[in-house]
Amino acid sequence: MAAPPGEYFSVGSQVSCRTCQEQRLQGEVVAFDYQSKMLALKCPSSSGKPNHADILLINLQYVSEVEIINDRTETPPPLASLNVSKNVWSRILQDLVNGISSKKSSLITQAKVICSHYSLLQYFIL
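Going by full-length UniProt numbering, the sequence shown opens with residue 1, and the numbers climb by one from there.
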């Protein structure tokens, strides 16, 4: 469902909002979903680390005021490629298989120990 004209936020725009708790939030629009009225803002890191950012998900139903500080009119740049190689996935899969087989052999060993104790117990009871 497309948003009506004037009721959307462009990715990359700078926005300021006031929540129903009178908290002022300001940041760059990362995403906006018109249907659910959810806005994702990228803000400076609350930890103060320079290479980090906070992502805030804001339900616009609980916002009393929205101000567009700087509207981005040009098309945003394409998303960066994740560049995940097949080798990484095959290693993860192999680690899972190894973990499962290790767990299986451990359980078999435990079962053998329990069975041997059970056999000894039967011998002493009889």
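The C-beta atom is built at its ideal place from N, Cα and C for all residues, glycine as well.
Check your understanding: Excluding sequence positions up to five away, which residues of its chain have a Cβ less than 6 angstroms from the Cβ of I69?
Key -> Q14 and S16
Exercise for review: Would you kindly report the start and end of the unbroken beta strand (DSSP E) that includes L56?
Suggested key: A53 to N59
Exercise for review: Using the Cα positions of T109 and V88, report the straight-line distance between them to the nearest angstrom.
Suggested key: 32 angstroms
Point to revise | Residue closest to H52, alpha-carbon to alpha-carbon, out of P44, D71 and V113 | key: P44
Check your understanding: With 16 as the cutoff for other CB atoms within 10 Å, does V29 come out buried or exposed?
Key -> buried
Review point. Can you tell me whether G99 is buried or exposed, with buried defined as 16 or more other CB within 10 angstroms of its CB?
Key: exposed
Review point. Do Q61 and K42 have their CB atoms nearer than 9 angstroms?
Key: no
Point to revise | CA-to-CA distance, P78 to K112, given in whole angstroms | key: 58 angstroms
Point to revise | Rounded separation between I55 and A31 - CA only | key: 10 angstroms
Review point. Is T109 helix, strand or coil by DSSP?
Key: helix
Review point. Can you give the Cα-Cα distance for D71 and L39, rounded to whole angstroms?
Key: 15 angstroms
Check your understanding: What runs of the beta strand (DSSP E), each 3 residues or longer, lie entirely inside the segment 12-58?
Key -> 14-19, 24-33 and 38-44
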